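Residue numbers (this note's numbering): 6 to 310.
Glycine is no exception: its CB is placed at the ideal position from the N, C-alpha and C atoms.
Remember, it's a predicted structure, so these values are computed and weren't measured experimentally.
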């Protein structure tokens, strides 16, 4: 795997992360929006704890870079990216709950239910999920009404019962009834892959790109989504809590089936190489404009936390 693009990619990722962080701080400020009655102080603190605690902001990066392929409005893409990060962070807050994965650490800090309490964590997640659709639907996100509606629909499908939430349900079920390879792939495509696929497709939606280009970017998202989960499974088997910023080894302890556990680490690493090649080949029609996205595929496969 060629690593010559690592430095510029990481610089670009950090730059996008700073922009998203600033947008999220503004969106989660104390200013009451028209139609809101109040922003409860403890709830807002819990939401900020779950969102403004670092992280690579990879999904927002993918939204902004795919939009940039077509020269789309950067500010609108930034707001959509921030909205998607709210959904991602809501999912982490709820995944960490005692009734789900029961984790005490997230990104090296106490999880929201540990820093506050379980009820507040549930409400913080609920509020972040709802707020994401608020941000996209708001006319301040300077896109046509039809484009905003398409983004809302796409995010709802990716985050809901046929996407991330449904994938979490299958993940919990997998602790009791181990799925085969096809079941694991479906589970992971829903729980992890759906939001990553949407992140890549969202840029094309923002830009009102032609259907073939939109589908190509969605396929790219599917490939790197599977790579992301496969790399995560490997890290859960081989890394430590200090490096990861969260507990490791929990999948094996819970008896969860993963592709890495099913086929072994060497097989998983070979699959990652193939997924990177597949993802990068999908970007060939975009030429040099897609170099950062190609680097993102490599980064996902080779990440260490």
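Subject >> Buried versus exposed call for residue 289 [16 or more other C-beta atoms within 10 Å across all chains shown] >> reply: The count along the chain shown starts at 1 and reaches residue 289 at position 284. Classified as exposed, residue 289 has fewer than 16 neighbouring CB atoms from the shown chains inside 10 Å of its CB.
- Item | Nearest residue (CA-CA) to residue 40, options 61, 71, 143 and 123 | Numbered from its first residue, the chain shown carries residue 40 at position 35. Of the candidates 61, 71, 143 and 123, the one whose C-alpha sits nearest the C-alpha of residue 40 is 143.
| message | Among 137, 129, 308 and 217, whose alpha-carbon lies nearest the alpha-carbon of residue 50? | response | By one-based count along the chain shown, residue 50 stands at place 45. If we check each option's Cα against that of residue 50, 129 comes out closest.
| said: Considering Cα atoms alone, identify which of 111, 54, 134 and 238 is closest to residue 89. | reply: Position 84 of the chain shown holds residue 89. Answer by Cα proximity: 134.
So the candidates are 297, 172 and 115; which of them puts its Cα closest to the Cα of residue 20? Taking the first residue of the chain shown as position 1, residue 20 is located at position 15. The shortest Cα separation from residue 20 among 297, 172 and 115 belongs to 297.
Can you tell me whether residue 62 is helix, strand or coil according to DSSP? For the purposes of this step, residue 62 is identified with residue 57 of the chain shown, where counting begins at 1. Here residue 62 sits in coil by DSSP.
| When you compare each of 265, 266, 94 and 240 to residue 309 by their alpha carbons, which one comes out closest? | The residue given as residue 309 occupies position 304 in the chain shown. Looking at the Cα atoms, 240 is the closest of the given residues.
* Do you know whose CA, among 151, 226, 217 and 220, lies nearest residue 195's CA? -> The residue given as residue 195 occupies position 190 in the chain shown. Closest by alpha carbon: 226.
Can you grab the Cα-Cα spacing for the pair residue 214 / residue 163, in whole Å?
Residue mapping note: residue 214 aligns to position 209 of the chain shown, counting from 1. Residue mapping note: residue 163 aligns to position 158 of the chain shown, counting from 1. Each residue's alpha carbon lies about 19 Å from the other.
Bounding residues of the alpha helix (DSSP H) (the contiguous stretch that carries residue 107): Within the chain shown, numbered from 1, the residue matching residue 107 stands at position 102. Unbroken run through residue 107: none, as it is neither H nor E.
* How would you write the range of the alpha helix (DSSP H) that residue 172 sits in, first residue to last? -> To locate residue 172, count along the chain shown from 1; it is residue 167. Under the DSSP assignment, residue 172 falls in the alpha helix (DSSP H) whose first and last residues are 169-179.
request  = Kindly indicate which three-state DSSP category residue 290 falls into: helix, strand or coil?
outcome  = Reading the chain shown from its first residue, position 285 is the one you call residue 290. Of the three classes helix, strand and coil, the one that applies to residue 290 here is helix, per DSSP.
**Report entry** Supposed close pair residue 84, residue 97 - CB separation, criterion 8 Å
**Finding:** As a working note, residue 84 is residue 79 in the chain shown. As a working note, residue 97 is residue 92 in the chain shown. The Cβ separation is near 21 Å, so there is no contact.
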